[in-house]
Amino acid sequence: MDYNIIRLIDRPELKKEMAKWFHEKWGIPLEAYTESMDECLLKTNSVPQWYLAMEDNEIIGGLGVVENDFHDRKDLAPNVCAVYVEEDKRCNGVASTLLNYVCADMKERGIDTLYLVTDHTSFYERYGWEFLCMVQGDDEPDMTRMYVHRD
Numbered sequence: 001m002d003y004n005i006i007r008l009i010d011r012p013e014l015k016k017e018m019a020k021w022f023h024e025k026w027g028i029p030l031e032a033y034t035e036s037m038d039e040c041l042l043k044t045n046s047v048p049q050w051y052l053a054m055e056d057n058e059i060i061g062g063l064g065v066v067e068n069d070f071h072d073r074k075d076l077a078p079n080v081c082a083v084y085v086e087e088d089k090r091c092n093g094v095a096s097t098l099l100n101y102v103c104a105d106m107k108e109r110g111i112d113t114l115y116l117v118t119d120h121t122s123f124y125e126r127y128g129w130e131f132l133c134m135v136q137g138d139d140e141p142d143m144t145r146m147y148v149h150r151d
């Protein structure tokens, strides 16, 4: 499988396609992604940041880094968010490559601790993430798992 990791700041012309793709995967309003990506392009050396895995000009995966991924622990920031790999591309190392890339890229920017909220219970441990605590998601009745990755 041959794919590349693309940073939005390196390929700003992908913003519209990228925002639409994340919106379709997560159901968060398109405008929210567009605003975050506009901010990313203004603040190229800090948060937020957006990344894609692309195979032959097709998006096969992606994730972002934002201050807060819709939870009550504003002190646990920044957050990796919107991690998604197309179903037919899973189990090929795409998520691992994306996660490793974003950790290294953020470390180069002086950010060596990242947080992530998820309902998965064993997936992220495989990639060096550790369970930290439970957090309350915005407008969510149940608590959600918070993970941390420290470099």
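Quick note: the sequence shown uses the UniProt record's numbering, first residue 1, plus one each step.
Note that CB positions come from ideal geometry on N, CA and C, so glycine has one too.
Values in this document were obtained by computation on a predicted structure and should not be read as measured data.
Item to check | C-alpha distance - residue 103 paired with residue 150, whole-angstrom precision | outcome: 9 Å
Checklist entry - If we ignore side chains and look at the alpha-carbon of each, how far apart do residue 85 and residue 120 end up? => result Approximately 14 Å, taken between the alpha carbons.
Checklist entry - How many Å lie between residue 7 and residue 74 at the Cα? => result 25 Å
Next on the checklist: Are the CB atoms of residue 89 and residue 60 within a distance shorter than 8 Å?
Outcome noted: yes
Checklist entry - Going by the beta-carbon positions, is the gap between residue 56 and residue 135 smaller than 8 Å? => result no
Checklist entry - Does the beta-carbon of residue 79 have 16 or more other beta-carbons within 10 angstroms, so that it is buried, or is it exposed? => result buried
Item to check | Alpha-carbon spacing of residue 139 relative to residue 41, whole angstroms | outcome: 29 Å
Checklist entry - Looking only at its own chain, which residues have a Cβ that is under 7 Å from the Cβ of residue 77, when we skip the five neighbours before and after it? => result Here the set comprises 67, 68, 115.
Next on the checklist: So, does the segment 12–19 touch the segment 105–113, judging by three or more C-beta pairs under 8 Å?
Outcome noted: no
Checklist entry - Of the choices 43, 122, 1, whose alpha-carbon is the least far from that of residue 9? => result 43
Checklist entry - Are the Cβ atoms of residue 98 and residue 132 separated by less than 8 Å? => result Their beta carbons are not under 8 Å apart, which means residue 98 does not touch residue 132 by this criterion.
Checklist entry - Which parts of the UniProt domain "N-acetyltransferase" (1–151) are runs of the alpha helix (DSSP H), unbroken and 4 residues or longer, counting only runs that do not cross its ends? => result Counting only runs that start and end inside the UniProt domain "N-acetyltransferase" (1–151), the alpha helix (DSSP H) elements of at least 4 residues fall at 15–26, 30–42, 94–108.
Checklist entry - residue 52: which of 91, 35, 93, 5 sits nearest, CA to CA? => result 5
Item to check | Neighbourhood of residue 155 by C-beta, 6 Å cutoff - its chain only, sequence neighbours within 5 removed | outcome: Because the chain is modelled from 1 through 151, residue 155 falls outside the range shown and cannot be assessed.
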